[in-house]
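Each remark here refers to the structure printed beneath this line.
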Amino acid sequence: MPRSIASPDAETLALRALGFLAADSARIEPFLAATGLGPETLRAAANEPGFLVAVLDHLLGNESLLLEFVGNLSLNPEIIGQAREILAGPHHGGDA
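Under this note's numbering, the first residue of the sequence shown is numbered 1, with each subsequent residue one higher.
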């Protein structure tokens, strides 16, 4: 069973993922295009709720990128999904 991840670790992992994307224009440009952000607004957006979830969603949506990232850190790819769930918070149904 893969080890579980704590909330501060999930945030750190997402920030590392952002750094991984930003380190290479071939990795960051598709992310910026998908989010509608520009390089000048990236830092401000990083403080917005849900931004780190979007970073992890981007990795989870691209298997080769995901495997490259987790391979660099010697992590199980499942940890990215766990971190995403933690950062997204509890799901609330639309029935109120």
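Backbone N, C-alpha and C define an ideal beta-carbon position, used for all residues, glycine too.
On the three-state DSSP scale, how would you describe residue i?
| i | result |
| --- | --- |
| ASP9 | helix |
| GLY61 | coil |
| PRO39 | coil |
| GLY15 | The identity of residue 15 in the sequence shown is Leu, whereas the question assumes Gly. Helix, per DSSP. |
| ASN76 | coil |
| ALA22 | helix |
| GLY89 | coil |
So residue i is in the alpha helix (DSSP H); what residue range does that whole segment cover?
| i | result |
| --- | --- |
| ASN47 | No alpha helix (DSSP H) holds ASN47; DSSP gives it neither H nor E. |
Quick one: residues in its chain with C-beta nearer than 6 Å to the C-beta of residue i, no 5 flanking neighbours on either side, listed in chain order?
| i | result |
| --- | --- |
| ALA10 | ALA83, ILE86 and LEU87 |
| PHE31 | LEU21 and HIS58 |
Please report the straight-line C-alpha distance between residue i and residue j, rounded to a whole angstrom.
| i | j | result |
| --- | --- | --- |
| LEU65 | LEU59 | 6 Å |
| LEU34 | ALA54 | Per the sequence shown, residue 34 should be read as Ala rather than Leu. Rounded to whole angstroms, ALA34 to ALA54 spans 10 Å at the Cα level. |
| LEU18 | LEU37 | 13 Å |
| ASN72 | ALA45 | 25 Å |
| ALA26 | GLU40 | 17 Å |
Output needed for residue i: all residues of its chain with C-beta closer than 7 Å, excluding positions within five of it in sequence on either side, in chain order.
| i | result |
| --- | --- |
| ILE28 | LEU21 and ALA22 |
| SER7 | ILE86 |
Within its chain, find whatever has a CB closer than 8 Å to the CB of residue i; leave out the 5 residues flanking it on each side and keep chain order.
| i | result |
| --- | --- |
| ASN47 | none |
| ASP95 | Unreliable positioning characterises ASP95 in this predicted model, as indicated by a pLDDT of 46, which lies under 50. The coordinate reading is nonetheless provided below. Once the five neighbours on either side are set aside, ASP95 has no close Cβ partner at all. |
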